[in-house]
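The UniProt record's numbering numbers the first residue of the first sequence as 1 and each following residue consecutively. Glycine included, C-beta positions come from ideal geometry on N, C-alpha and C. Just so you know, these numbers come straight off a predicted model, no measurement behind them.
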Amino acid sequence: MQLFGKISSFTQNNSFGKIRTYILCGVKEMGKRIIFHVDVNSAYLSWEAVYRLQHGDSLDLRTIPSIVGGNPETRHGIVLTKSIPAKKYGIQTGETLHTALAKCPELVIIPPNYGLYMQCSKAFGDILREYSPLVEQYSIDEYFMDFSNMERLFKDPVVAAYMLKDRIKSELGFTVNIGVSTNKILAKMASELQKPDKVHTIFPDEIAEKMWVLPIEELFMVGRATSKKLRSRGIRTIGDLAHYDPKLIKPFLHSHGLLVWNYANGIECNPVRENRRPIIKGMGNSTTIAFDIDDRKTAHLVLLSLTETVATRLRQSGYCARLVSVSFRTNEFFDCSHQRKIFSAIDCTNAIYEVARELFDELWKCEPIRHLGIRVSELCQNDFQQMTFFEKDYAKQRAVDRAIDSIRERFGNGSVFRSAFLNSGVRFSSGGTMDDEEYPMMSSQL
DNA sequence: TCTGGGGTCCTAGGACCC
DNA sequence: TCTGGGGTCCTAGGACCC
C-alpha cells in the first residue's frame, strides 16, 4: 500500500499520462508482491574459476587480476568479464585487451568457454526452482523469482534470500547477489548494489536512500547516449531524473524517456514469467574476420558460412523467415545494413544465401570489411509454405537441407560441408547452432 | 589504442494507397 | 489535372541489454 500512495502522489505532481498503469501497479502491491533478482558475480570468470578448482587447479582466478576475453590476434580482443581484483585496476567490461593490459600488465586472460557457462547457468536455475514455482531466466547469469505469498514457507523473504545465496555458494561454488523488492526493476537495481556475495533490498520506502543517490548511469536502460542527453540538462543522479517533469523529458528522449523516468521512480509492473519460452523474433549470426575483406568472393564465402548456421537454426526451431538483412562494418568502423522482404517465407540455406548475396552486392562499395552479419526475421511456422509462380520452388533444396541437417546432427557439424570452403581460408560455418539447448535470451525490457 | 556477438525495441522518412 | 490528409508498409539506423 505504501508504493500505491507514492505512485498516486507522483501522478498528481506530474500530470503524467499513464495514471491507469500506476493504479494497476498499486493494486498489485496490495497483494504484497515480492520479487528476487539473482545475479551471478563476474559470471564467466567465476564459472571458469570453479571449474579449474574442481579440476585440480590450486589458483582461484577470482583472487587475482583476471578476465575472460577474446583473442586480439583474430580481432576479438575485448574484456567479457573481469575479476574483482581486475576491477580495482580500472578494467571495464567491453574495453580492449590492449588497454586492459596497459592498466595491469600481469592480467591473466582466459578464453571464453560458452558450453561450460550454459551448464553452470542451468545448474543454478535448477536450484532456484526449488524455492519458487515462478522463476524466469533473464540472461545466462540472471534470474527473476516471484516470492509473493511465500510467508508460510519462508517467514521473511530476506532471510530466504540469504539461505538461497549461501546454498548456491556451498553447492555450486560461485557467489551471487540477490536483490529483493516488490517489482523487477527495484529487485534488479538492488542486486547491482555492493558486490559480491550480498543480499540487498530496495523496497519502495528505500528508493530515495538507496537508489536516488546513484549516478544516472547506474539506472537500468540508461546507456551512453541517454546519459549524455540527461547530463547535458543537469540530470546527474537517478533522483534528479525521478524528480524531473516527464513532460520535459519526452521531447528529447521520446518513449524511452518515459520508460527511464518510470524506472527512476521504481515504477514497473511486469510479471515474472514462469518457464517462458521466448517468442523468437529473429535470428542472426555475425563475425569479425581476422583480416579485412576486400574481394567479393571472400565476402560471399563468409556470408555463406554465416547463412549456413542461421538457416540451420531456423529449420531446427521450425521457422521460416520473410525478411533477410545483411550488415557489415568497414575497417573504419562504419556500420551499414540492407534488408529485403521476400514474398514467400523461406528456410532453405541456398534461398537465404541468394537474397543475402544480392543485398550485399547492392550495399558494398568495395570498402575493406572487418565484420559481416546476416539476420533473418519476420518468422512464421514452417509447417506449410506459400508457393508462387514467380519465385523458385525450393522443394528439392529443402529436402537436401533436411538430409544435411540430419547428417550433421548424427556425425557433427563438420561431417558435411560445401566444397567452396575447401582451401578457402574461410570456416565452413560461423557461429553456434545452439542445437542442444535453447540459448537463454533476454528481452531489452523487463 | 583498437574496439565481440547475440538479441529487442524504437524512430524517422519515404513510398504507396484510398 | 492538381492538391491534400491519413493510414500502412518498408527500410535504415540508433539505442539499449548481457
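Could you pull out every unbroken beta strand (DSSP E) segment of at least 3 residues lying fully inside the segment 267-347, listed in chain order? Listed in chain order, the complete beta strand (DSSP E) runs (minimum 3 residues) inside the segment 267-347 are 282-293, 319-330, 335-346.
If the criterion is Cβ atoms closer than 7 Å, does the pair residue 180 and residue 411 meet it? Not in contact: residue 180 and residue 411 (Cβ atoms no closer than 7 Å).
Can you give me the C-alpha to C-alpha distance between residue 94 and residue 273, rounded to a whole angstrom? A straight-line Cα-Cα distance of about 30 Å links residue 94 and residue 273.
Apply the 10 Å Cβ neighbour rule to residue 163 and answer buried if 16 or more other Cβ atoms are within range, or exposed otherwise. By the Cβ-count criterion, residue 163 is exposed, with fewer than 16 other Cβ atoms from all chains shown falling within 10 Å of its own Cβ.
Should residue 267 be labelled buried (16 or more other beta-carbon atoms within 10 Å of its own) or exposed? Per the 10 Å Cβ criterion, buried.
Would you list the residues sitting across from residue 375 in a DSSP beta bridge? Per DSSP, the beta bridge partners of residue 375 are 284, 325.
Straight-line CA distance for residue 147 to residue 157? Roughly 7 Å separates the two Cα atoms.
Would you list the residues sitting across from residue 110 in a DSSP beta bridge? The partner list for residue 110 (beta bridge, DSSP) reads 68.
For residue 5, count the other beta carbons within 10 Å of its own beta carbon; 16 or more makes it buried, fewer makes it exposed. Which is it? Only weak support exists for where residue 5 lies, its pLDDT of 30 falling under 50; the value from the coordinates is given anyway. Residue 5 is exposed by the Cβ-count criterion.
How big is the Cα-Cα spacing for residue 225 and residue 159? Whole-angstrom Cα-Cα distance: 39 Å.
Just how far apart, CA to CA, sit residue 92 and residue 79? Cα to Cα, the separation comes out at about 7 Å.
In the DSSP assignment, find the alpha helix (DSSP H) that holds residue 448 and state where it starts and stops. Summary: the structure shown does not reach residue 448, with the chain confined to residues 1 through 446, and so no result is reported for it.
N- and C-terminal bounds of the alpha helix (DSSP H) containing residue 358: Unbroken alpha helix (DSSP H) run through residue 358: 349-363.
Whose C-alpha, out of 150, 115, 114, is nearest the C-alpha of residue 130? Selected option, being the one with the closest Cα: 150.
In angstroms with no decimal places, state the Cα-to-Cα distance between residue 261 and residue 193. Straight-line measurement puts the Cα of residue 193 at about 20 Å from the Cα of residue 261.
Looking only at its own chain, which residues have a Cβ that is under 8 Å from the Cβ of residue 369, when we skip the five neighbours before and after it? For residue 369, where only same-chain residues beyond five positions count, the Cβ hits under 8 Å are 289, 292, 293, 294, 299, 328, 329, 330, 331.
Using 7 Å as the threshold, is the C-beta distance between residue 202 and residue 210 below it? Closer than 7 Å, so yes.
Taking only three categories from DSSP, how would you classify residue 366? Here residue 366 sits in coil by DSSP.
Per DSSP, the bridge partner or partners of residue 136: Answer is 144.
Is the beta carbon of residue 53 closer than 7 Å to that of residue 83? The answer is no: Cβ separation not under 7 Å.
Can you give the Cα-Cα distance for residue 363 and residue 326, rounded to whole angstroms? For residue 363 and residue 326, the gap between their C-alpha atoms comes out near 9 Å.
Residue 57 versus residue 173: straight-line alpha-carbon distance, rounded: Between the C-alpha atoms of residue 57 and residue 173 there is a straight-line separation of about 14 Å.
Considering only the alpha carbon of each residue, which of 420, 77, 132, 142 lies closest to residue 42? Considering only alpha carbons, the answer is 142.
Return helix, strand or coil for residue 252, following the three-state DSSP convention. Residue state, collapsed to three classes: helix.
Taking the beta carbon of residue 430 as the centre, do at least 16 other beta carbons fall within 10 Å, making it buried, or is it exposed? Taking every protein chain shown into account, the CB of residue 430 has 16 or more other CB atoms within 10 angstroms, so this residue is buried.
Taking the straight line between their C-alpha atoms, what separation do you get for residue 232 and residue 218? Straight across, the Cα-Cα distance linking residue 232 with residue 218 is about 17 Å.
Assign residue 156 to one of three DSSP states: helix, strand, or coil. Coil, per DSSP.
Would residue 359 and residue 302 qualify as a contact pair, given that the criterion is a beta-carbon distance under 7 Å? No, they are not a contact pair.
For residue 381, three-class secondary structure by DSSP: Annotated three-state conformation of residue 381 is strand, per DSSP.
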